[in-house]
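This report concerns only the one structure given below.
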Amino acid sequence: MNKDTPASARTRGRPRGNPPTRESIVSAAHALFLERGYRGTTLRAVAGAAGVDPALIAYHFGSKKGLFADVMQFQCANALAVDDVLGGDRATLPGRLVDAVTGLWEDADFLRLTAQGEEAAAVIREYLEHELLARLVEFLGGRDATARATAVVTVLGGLIYTRYLNPLPTPAALTPAETRRVLTPVLRAALSPPRVPTADAAGRRGAGRP
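Our numbering applies: residue 174 is where the sequence shown begins, and numbers increase by one.
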């Protein structure tokens, strides 16, 4: 290697050896986004906090928007861990879904991140659509799985909007436990497969026709 080559030039591009992990960069960015907000945080500042070259951040995340998306996705995944939510007893799944959403949105740091504007809203939409909805469809199975999963995500999206993003007095006044009690029957109905009419029921309906 040419010893006259500047260190900054040698460290750019694809990382070699044992570079700092994505997680360390996300951790540093998380702290700065909370402290300075989205607009006030620069990639150079994140690189300095993580002890890496800014080019390494560009390599892993593409842009500040991409890095912020990873920060939000990381926090969503930690609080609303889909594997954990779907992995328990099916009978208590509605309550776990509500608890996961309220647990995420009651977190003070997450609320501060969601105040970062359209960037935060885009990540939340993507998480609900591509993580929660897609995983629910796979979990439920069957021809009506997409419709049932869509109903569930619509209910949870309404909870997020009316309790946190644009609070209405009544939903916002409920405790998380009260929210679970109110929404569990709705989610249970959405998750349940549609009832197929029996032959006797179909016959009775037919017999009543002229």
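Glycine is no exception: its CB is placed at the ideal position from the N, C-alpha and C atoms.
The beta-carbon distance between Phe234 and Leu240, rounded to whole angstroms, is 4 Å. This is short enough to meet the 8 Å contact definition.
DSSP places Asp226 outside any alpha helix (DSSP H), giving it a letter other than H or E. Runs of the alpha helix (DSSP H) spanning 4 or more residues and lying entirely within the stretch 326 to 359 occur at 342 to 346, in chain order.
The residues Pro349, in chain order, have a CB closer than 7 Å to that of Glu279 in the same chain once the five nearest residues on each side in sequence are set aside. DSSP, reduced to helix, strand and coil, places Glu279 outside both helices and strands of the structure shown, so it counts as coil.
In this structure, the straight-line span from the alpha carbon of Leu266 to that of Ala362 is close to 12 Å. Counting C-beta atoms within 10 angstroms of its own C-beta, His203 has 16 or more neighbours from the protein chains shown and is therefore classed as buried. Val258 and Thr319 have their C-alpha atoms some 18 Å from each other. Between Val255 and Ala288, the alpha-carbon positions lie close to 24 Å from each other. Under the three-state reduction of DSSP, Thr323 is assigned to helix. Closest in alpha carbon position to Gly210, among Asp282, Glu311, Glu299 and Asp272, is Asp282. In this structure, DSSP gives Gln248 a helical state, which the three-state scheme calls helix. In this structure, DSSP gives Gly260 a state outside helix and strand, which the three-state scheme calls coil. In this model, Leu347 and Tyr232 are separated by some 44 Å (Cα to Cα). Unbroken alpha helix (DSSP H) stretches of 4 residues or longer found wholly inside the stretch 279 to 304: 281 to 287 and 291 to 299, given in chain order.
Counting along the chain, no alpha helix (DSSP H) covers Ala254, and no H or E run does either. When rounded, the separation of the alpha-carbon atoms in Arg353 and Leu329 is 11 Å.
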